[in-house]
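Asker: One structure, as C-alpha cells, below. Some questions next.
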Amino acid sequence: MNGGDDAVVAPEEPLQPLEWKFSQVFGERAAGEEVQEVDIISAIEFDKSGDHLATGDRGGRVVLFERTDSKDQHGSRKDLESTDYSNSRHPEFRYKTEFQSHEPEFDYLKSLEIEEKINKIKWCQTANGAVFLLSTNDKTIKFWKVQEKKVKKVSDMNIDPSKANGNGSIASSSNSCILKPHLANGGSSDKTYSYQSNDFSFPPGGLPSLRLPSVASHETSLLARCRRVYAHAHDYHINSISNNSDGETFISADDLRINLWNLEISNQSFNIVDVKPANMEDLTEVITSAEFHPTHCNTLAYSSSKGSIRLVDLRQSALCDSHAKLFEEQEAPGSRSFFTEIIASISDIKFAREGRYILSRDYMSLKLWDINMDSGPVSTFRVHEYLRPKLCDLYENDSIFDKFECCLSGDGSRVSTGSYSNLFRVFGCAPGSTEATTLEASKNPMRRQVPTPSRPSRSIGNSITRVVRRGAENTGVDANGNSFDFTTKLLHLAWHPSENSIACAAANSLYMYYA
Numbered sequence: 001m002n003g004g005d006d007a008v009v010a011p012e013e014p015l016q017p018l019e020w021k022f023s024q025v026f027g028e029r030a031a032g033e034e035v036q037e038v039d040i041i042s043a044i045e046f047d048k049s050g051d052h053l054a055t056g057d058r059g060g061r062v063v064l065f066e067r068t069d070s071k072d073q074h075g076s077r078k079d080l081e082s083t084d085y086s087n088s089r090h091p092e093f094r095y096k097t098e099f100q101s102h103e104p105e106f107d108y109l110k111s112l113e114i115e116e117k118i119n120k121i122k123w124c125q126t127a128n129g130a131v132f133l134l135s136t137n138d139k140t141i142k143f144w145k146v147q148e149k150k151v152k153k154v155s156d157m158n159i160d161p162s163k164a165n166g167n168g169s170i171a172s173s174s175n176s177c178i179l180k181p182h183l184a185n186g187g188s189s190d191k192t193y194s195y196q197s198n199d200f201s202f203p204p205g206g207l208p209s210l211r212l213p214s215v216a217s218h219e220t221s222l223l224a225r226c227r228r229v230y231a232h233a234h235d236y237h238i239n240s241i242s243n244n245s246d247g248e249t250f251i252s253a254d255d256l257r258i259n260l261w262n263l264e265i266s267n268q269s270f271n272i273v274d275v276k277p278a279n280m281e282d283l284t285e286v287i288t289s290a291e292f293h294p295t296h297c298n299t300l301a302y303s304s305s306k307g308s309i310r311l312v313d314l315r316q317s318a319l320c321d322s323h324a325k326l327f328e329e330q331e332a333p334g335s336r337s338f339f340t341e342i343i344a345s346i347s348d349i350k351f352a353r354e355g356r357y358i359l360s361r362d363y364m365s366l367k368l369w370d371i372n373m374d375s376g377p378v379s380t381f382r383v384h385e386y387l388r389p390k391l392c393d394l395y396e397n398d399s400i401f402d403k404f405e406c407c408l409s410g411d412g413s414r415v416s417t418g419s420y421s422n423l424f425r426v427f428g429c430a431p432g433s434t435e436a437t438t439l440e441a442s443k444n445p446m447r448r449q450v451p452t453p454s455r456p457s458r459s460i461g462n463s464i465t466r467v468v469r470r471g472a473e474n475t476g477v478d479a480n481g482n483s484f485d486f487t488t489k490l491l492h493l494a495w496h497p498s499e500n501s502i503a504c505a506a507a508n509s510l511y512m513y514y515a
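Under the UniProt record's numbering, the residue at position 452 of the sequence shown is numbered 452, and the numbers go up by one with no gaps.
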C-alpha cells in the first residue's frame, strides 16, 4: 500500500503466505491451573520502535518488556550485513518491570464502583533514556515515566568493616561509631566513650587522617513514577486513548464524547466531539473507538455502534460534530434482523502506518477502508461467518457483545484479529493475495491450520479491487472438527511495527510469534 495519492500498482506475483512459528510465552499456565481474574491481560501495545512492549491487566498492573536480541548486535556494519542478522534471528523480549497503574475506586456521587482494569495503553515519545506511556481504566488516564535510577551507597569511610564485631554495615553505621576525646598531639585518653553501639573501635593512637565518606553507584533499578493524572472528564467509560503525531496532545473517548488533552496540562481538556442528544431517549448510537491519524495532527477517526466510521478535521470547528467523511457499508435489502445492529457495531479501528487505510473490526468481519473512497470497504475478511446460525445462543450468553481488537502489519500488507478457542486470523490484503491463515495461541500455532480455498474477487472501477475472503470456516466447528469454546477468546493482539511478529493475549498468558 502507498500512503500517497498515486494509484497502487499490483506486483506481478502476490505475496506468499507467511509460515508462523512460536517465539516466546510469558505467564504460561500449567494444565488445569485456574486463572485469577486480576491476571487476565486486557491491553497490549508495542512502541513505535518495536523495542518495547507493554501489557495491562484487569488488576490494574502494567508490565513492560524490552527487546534483547537487537542489543546483542556487535561489530561493524559490513560484518552485520554479511551475517544477514535480520533473517537468522527473530524478536526476543524479556521482562523489564511492572507497576501498579490503577487501583479500584468508588464514585460516591453515583454509587458506582470503578474497576482498576487497564482498558488501553499508549506509548509516548522517549526522552533522556526514559520511556513514557499513557494508561487508562474506565475513568482516569495516567501519564507514567519509567527510567533507570542508580542506587547510591556510602563507601570509603575511615572505619574498616572487616573489624566489625556485629552485623553493622557501612551505610547504616555511619552514625553509630565510637567517639574518643583526642589529645592535642594526636593521642587519646584511655577512656572510651560509646555512642549508640560498639560495632566498631578506633585503633590505638587515633586515626592518622580523616577520610570523608563518598557516595558510589553500584547498580541500577527501574523506577516508575506517575507524572500526571487526567481525571473527572468522562461521565461514561473510556474506551480509547490515542496520541497525536504532534507529540503534545492526545484524545480520550467514551460512549458519547471525545476530549482533547495536552500532555502537560492535566486539569483541563477540550470536548471536540459530543454525540449526546438533548433527550437520552433519542440516543441511537454510541462511540466505540477513536484514533488520531498517524501523520496528520488535525485528523482523527472514530467508529460507532451502527458500523460507521467518521473522519473528523479539527480545523473545521472547535466542536467537530459534523464529520468530514463518513464510511459505512449499506446493508443488503431484506437482510435486516434483530441482531443486525449488534453485529455491525465496530469494536476497534486502526490506521495503517501511512494513514491511507483504516482497518475496522465488527463482530463478524474485518474491513479495510480507503480514506479516499467512502462508498464502501475495499476488502472484507469474514472471521465469524460460521457463527451466523448461532446468533441467538451468542446473545443469550452475551458472547455477541465481545469486543475483538485488530491490527495491521508495518508495511500494511497483512491484517490480523482474534477469535474464539484462543484462535487468531491473519489475512493478506495486498492486491492478488489469497492468504487466510488460522493460528492458535499455543506453542504449536499451526496445528489448527487447514488450506483455505481462495475466493473470487470482483473488480470495482479500473484500479480498486473490493475483495471478500474467508478464514477457515466450518459449520460451528474448528479446523479439527472440535466445537468452539466461547469461554476462551483472544481479544487483544498487536503487530510489531517493522517486522512480522505478533503478540497476543490468551487469558493471563502473553504469546509471541514470528514469520
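The beta carbon of each residue, even a glycine, is placed where N, CA and C say it ideally should be.
Going by DSSP, name the residue or residues bridged to residue 235.
Answerer: Residue 235 sits at position 235 when you count from the first residue of the sequence shown. Paired residue(s): none; residue 235 is not in a bridge.
Asker: Can you tell me whether residue 226 is buried or exposed? The criterion is at least 16 other CB atoms within 10 Å of its CB, across all chains shown.
Answerer: Taking the first residue of the sequence shown as position 1, residue 226 is located at position 226. Its Cβ having fewer than 16 others within 10 Å, residue 226 is exposed.
Asker: Where do the N-terminal and C-terminal ends of the beta strand (DSSP E) with residue 223 fall, by residue?
Answerer: Residue 223 sits at position 223 when you count from the first residue of the sequence shown. Segment 214-230, the beta strand (DSSP E) holding residue 223.
Asker: From residue 361 to residue 316, what does the alpha carbon distance come to, in whole angstroms?
Answerer: Mapped onto the sequence shown, residue 361 falls at position 361. Mapped onto the sequence shown, residue 316 falls at position 316. Rounded to whole angstroms, residue 361 to residue 316 spans 28 angstroms at the Cα level.
Asker: Could you give the residue range of the alpha helix (DSSP H) that holds residue 340?
Answerer: Along the sequence shown, read from residue 1 onward, the residue named residue 340 stands at position 340. Residue 340 -> alpha helix (DSSP H) spans 340-344.
Asker: CA-CA distance, residue 432 and residue 17?
Answerer: Within the sequence shown, residue 432 is the residue found at index 432, counting from 1. Within the sequence shown, residue 17 is the residue found at index 17, counting from 1. If I take the Cα positions, the gap works out to 12 angstroms.
Asker: Output the distance between the C-alpha atoms of residue 101 and residue 366, rounded to the nearest integer angstrom.
Answerer: By one-based count along the sequence shown, residue 101 stands at place 101. By one-based count along the sequence shown, residue 366 stands at place 366. If I take the Cα positions, the gap works out to 32 angstroms.
Asker: Between which two residues does the alpha helix (DSSP H) carrying residue 391 extend?
Answerer: Counting from 1 along the sequence shown, the entry for residue 391 is found at position 391. Segment 391-396, the alpha helix (DSSP H) holding residue 391.
Asker: Would you kindly report the start and end of the unbroken beta strand (DSSP E) that includes residue 63?
Answerer: As a working mapping, residue 63 is identified with position 63 in the sequence shown. Here the beta strand (DSSP E) through residue 63 covers 61-67.
Asker: CB-CB under 6 angstroms to residue 295, same chain, minus the five flanking residues each way: which ones, in chain order?
Answerer: Looking up residue 295 in the sequence shown gives position 295. Excluding positions up to five away in sequence, the list reads 245, 355.
Asker: Quick check: the Cα distance between residue 487 and residue 151, rounded to an integer number of angstroms?
Answerer: Taking the first residue of the sequence shown as position 1, residue 487 is located at position 487. Taking the first residue of the sequence shown as position 1, residue 151 is located at position 151. Rounded to whole angstroms, residue 487 to residue 151 spans 46 angstroms at the Cα level.
Asker: Say whether the stretch 328-337 touches the stretch 270-278, bearing in mind that this needs 3 or more beta-carbon pairs closer than 8 angstroms, one atom from each stretch.
Answerer: The stretch 328-337, when compared against the stretch 270-278, does not touch it at the 8 angstroms Cβ threshold.
Asker: Can you give the beta carbon distance from residue 43 to residue 492, rounded, assuming they're within the 8 angstroms contact cut?
Answerer: The sequence position of residue 43 within the sequence shown is 43, counting from 1. The sequence position of residue 492 within the sequence shown is 492, counting from 1. So it is a contact: roughly 6 angstroms between Cβ atoms.
Asker: With the cut-off set at 8 angstroms, would you say residue 421 and residue 485 are in Cβ contact?
Answerer: Taking the first residue of the sequence shown as 1, we reach residue 421 at position 421. Taking the first residue of the sequence shown as 1, we reach residue 485 at position 485. In contact: residue 421 and residue 485 (Cβ atoms closer than 8 angstroms).
Asker: Is the beta carbon of residue 118 closer than 8 angstroms to that of residue 104?
Answerer: Counting from one through the sequence shown, the residue named residue 104 turns up at place 104. Counting from one through the sequence shown, the residue named residue 118 turns up at place 118. For residue 104 and residue 118, no; Cβs fall outside 8 angstroms.
Asker: Hey, residue 352 and residue 311 are a contact pair by Cβ (cut 8 angstroms); roughly how many whole angstroms apart?
Answerer: For the purposes of this step, residue 352 is taken as the residue at position 352 of the sequence shown. For the purposes of this step, residue 311 is taken as the residue at position 311 of the sequence shown. Contact doesn't hold; Cβ gap of about 14 angstroms is too wide.
Asker: Apart from the five residues just before and just after residue 98, which ones in its own chain have a Cβ nearer than 6 angstroms to its Cβ?
Answerer: Counting from one through the sequence shown, the residue named residue 98 turns up at place 98. Cβ within range, chain order: 61, 63.
Asker: List the endpoints of the continuous beta strand (DSSP E) containing residue 495.
Answerer: Here residue 495 is taken as the residue at index 495 of the sequence shown, counted from 1. Unbroken beta strand (DSSP E) run through residue 495: 493-495.
Asker: Residue ranges of each beta strand (DSSP E) run of no fewer than 3 residues wholly in the stretch 324-370, ordered along the chain?
Answerer: For the stretch 324-370, whole beta strand (DSSP E) runs of length 3 or above, ordered along the chain, are 325-327, 346-351, 357-362, 365-370.
Asker: Would the stretch 318-332 and the stretch 382-402 be scored as touching if the rule is three or more Cβ pairs under 8 angstroms?
Answerer: Judged by Cβ distances under 8 angstroms, the stretch 318-332 makes no contact with the stretch 382-402, as fewer than three pairs qualify.
Asker: Let me confirm a value: residue 372 is counted as buried when at least 16 other C-beta atoms fall within 10 Å, else exposed. Which label applies?
Answerer: In the sequence shown, residue 372 corresponds to position 372, counting from 1. Residue 372 should be labelled exposed.
Asker: Write down the C-beta distance between residue 490 and residue 419 rounded to the nearest angstrom, noting that I regard them as a contact closer than 8 angstroms.
Answerer: As a working note, residue 490 is residue 490 in the sequence shown. As a working note, residue 419 is residue 419 in the sequence shown. Contact flag correct, Cβ pair sits at about 6 angstroms.
Asker: On the DSSP bridge assignment, give the partners of residue 408 in chain order.
Answerer: Position 408 of the sequence shown holds residue 408. Beta-bridge pairing links residue 408 to 415.
Asker: Would you tell me roughly how many angstroms separate the C-alpha atoms of residue 93 and residue 293, rounded to the nearest one?
Answerer: Numbered from 1 along the sequence shown, position 93 holds the residue referred to as residue 93. Numbered from 1 along the sequence shown, position 293 holds the residue referred to as residue 293. If I take the Cα positions, the gap works out to 28 angstroms.
Asker: Can residue 425 and residue 413 be called in contact, C-beta distance under 8 angstroms?
Answerer: Position 425 of the sequence shown holds residue 425. Position 413 of the sequence shown holds residue 413. Against a cut-off of 8 angstroms, the Cβ pair of residue 413 and residue 425 comes out as no contact.
Asker: So, at 7 angstroms on beta carbons, what are the nonlocal neighbours of residue 243 in its own chain, with the 5 sequence-adjacent residues on each side left out?
Answerer: For the purposes of this step, residue 243 is taken as the residue at position 243 of the sequence shown. The residues are 122, 124, 250, 292.
Asker: Can you tell me whether residue 313 is helix, strand or coil according to DSSP?
Answerer: Position 313 of the sequence shown, counted from the first residue, corresponds to residue 313. Correct three-state label for residue 313: strand.
Asker: Helix, strand or coil, according to DSSP, for residue 57 in the structure here?
Answerer: In the sequence shown, counting from the first residue as 1, residue 57 sits at position 57. Strand, per DSSP.
Asker: Exposed or buried, residue 289, counting other C-beta atoms within 10 Å across all chains shown (16 or more means buried)?
Answerer: Here the question's residue 289 lines up with position 289 in the sequence shown. It counts as buried.
Asker: Rounded to the nearest angstrom, what separates residue 314 and residue 508 at their Cα positions?
Answerer: Within the sequence shown, the letter at position 314 stands for residue 314. Within the sequence shown, the letter at position 508 stands for residue 508. Computed Cα separation, rounded: 39 angstroms.
Asker: Within the same chain, show all residues whose beta-carbon is closer than 8 angstroms to that of residue 129, passing over the 5 residues directly before and after it, in chain order.
Answerer: Taking the sequence shown and counting its residues from 1, the one referred to as residue 129 is at position 129. Once the five neighbours on either side are set aside, the close Cβ partners of residue 129 are 147, 148.
Asker: Return the CA-CA distance between residue 255 and residue 309, expressed in angstroms with no decimal places.
Answerer: Reading the sequence shown from its first residue, position 255 is the one you call residue 255. Reading the sequence shown from its first residue, position 309 is the one you call residue 309. Approximately 14 angstroms, taken between the alpha carbons.
Asker: Could you tell me which of 138, 65, 50, 240 sits nearest to residue 347, measuring between CA atoms?
Answerer: Sequence index remark: in the sequence shown, residue 347 carries index 347 (1-based). Closest option to residue 347, Cα to Cα, is 240.
Asker: Residue 267 lies in the beta strand (DSSP E); which residues open and close that run?
Answerer: The count along the sequence shown starts at 1 and reaches residue 267 at position 267. Unbroken beta strand (DSSP E) run through residue 267: 265-274.
Asker: Quick check on residue 38: does DSSP put it in helix, strand or coil?
Answerer: On the sequence shown, position 38 is the one that residue 38 refers to. Helix.
Asker: Measuring only the C-alpha atoms, how far is residue 514 from residue 19?
Answerer: Counting from one through the sequence shown, the residue named residue 514 turns up at place 514. Counting from one through the sequence shown, the residue named residue 19 turns up at place 19. Approximately 8 angstroms between the Cα atoms of the pair.
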